[in-house]
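Below is one structure, written out as structure tokens; comments come after it.
Protein chains in written order, with the working numbering: chain V, 5 to 116; chain S, 11 to 124.
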């Protein structure tokens, strides 16, 4: 069974701090997505990474896919209250597979 | 309207009621999904439809019955639910056969079973 473990589970920080969220598995994935979900809403896609070692930047967010395509990280620089939410990673198999494997989630709270 | 929409956004029902959740995608995708999201649990895949045919039923109880009349619409029919079925039900869609398997989610229906 493929599993994606995220750490930490919960994170409370002050505005302006930096943080990193990790997504780890013993399985290889062909792609890795990161989503952010706010209370009462569906997950919103932040980024998709497909190449081992790939790094993508989205403003203050930096995403990295591990060289072996088994893990990923999300780094946020100078966090803001608007970054508050549940961060989910999700791993995909091949492009013909029908499902993503979702991580356990990291709940981030950024205080002003 | 663009993206993936879901109605209703909130639903409260008794255990003997029958209701339906609706999902509509405006992205031209050909695969649609139902997920259940409960507190403190990872997203649970319930059903997958590809090209309007069900390709996966993840051991979901028969009190949940999906329907996909065309590639843009997906329904989840509910009957004789239990209180433990209270959760956020999410619909997602994607383009089958593309290079990445990114799924796009709707806002969800918050279901409460009394």
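Ideal Cβ positions, reconstructed from N, Cα and C, are used throughout, including at glycine.
Below-9 Å beta-carbon distance, residue i vs any chain V residue
i                      : result
residue 35 of chain S  : no
residue 38 of chain S  : no
residue 17 of chain S  : no
residue 114 of chain S : yes
CA-to-CA distance, residue j to residue i, given in whole angstroms
i                      : j                      : result
residue 16 of chain S  : residue 106 of chain S : 21 Å
residue 100 of chain V : residue 11 of chain V  : Since pLDDT at residue 100 of chain V reaches only 49, below the 50 mark, its modelled position is unreliable, and no value is offered.
residue 63 of chain V  : residue 32 of chain S  : 35 Å
residue 119 of chain S : residue 22 of chain S  : 10 Å
residue 66 of chain V  : residue 96 of chain S  : 35 Å
residue 66 of chain S  : residue 38 of chain V  : 23 Å
residue 50 of chain V  : residue 40 of chain V  : 7 Å
residue 100 of chain S : residue 81 of chain S  : 17 Å
residue 14 of chain S  : residue 52 of chain V  : 19 Å
residue 55 of chain V  : residue 80 of chain V  : 21 Å
residue 21 of chain V  : residue 87 of chain V  : 12 Å
residue 18 of chain S  : residue 17 of chain V  : 35 Å
residue 3 of chain V   : residue 47 of chain S  : Only positions 5 to 116 of chain V appear in this structure, which leaves residue 3 of chain V out of reach.
residue 93 of chain S  : residue 74 of chain S  : 14 Å
residue 122 of chain S : residue 57 of chain V  : 43 Å
residue 19 of chain V  : residue 112 of chain V : 12 Å
residue 83 of chain V  : residue 110 of chain V : 15 Å
Residue i at chain S interface by Cβ criterion, 9 Å
i                      : result
residue 45 of chain V  : yes
residue 39 of chain V  : yes
residue 110 of chain V : no
residue 115 of chain V : no
residue 70 of chain V  : no
residue 49 of chain V  : yes
residue 107 of chain V : yes
residue 103 of chain V : yes
Q: Can you give me, in chain order, the residues of the stretch 56-76 of chain S that have a beta carbon less than 7 Å from any beta carbon in chain B?
A: Of the chains in the structure shown, none is chain B; the protein chains are V and S.
Q | Interface residues of the stretch 51-67 of chain V facing chain S [CB-CB below 7 Å] | A | Within the stretch 51-67 of chain V, the residues whose Cβ lies closer than 7 Å to some Cβ of chain S are 52, 54, listed in chain order.
Q.
To test your reading of the DSSP string, which unbroken beta strand (DSSP E) runs of 3 or more residues are found completely within the stretch 72-122 of chain S?
A. Fully enclosed beta strand (DSSP E) runs of 3 or longer: 74-80, 83-89, 97-104.
Q) Taking contact to mean at least 3 C-beta pairs separated by less than 8 Å, is the stretch 19-28 of chain V in contact with the stretch 40-48 of chain V? A) With a cut-off of 8 Å, the stretch 40-48 of chain V and the stretch 19-28 of chain V do not count as touching, because too few Cβ pairs lie within range.
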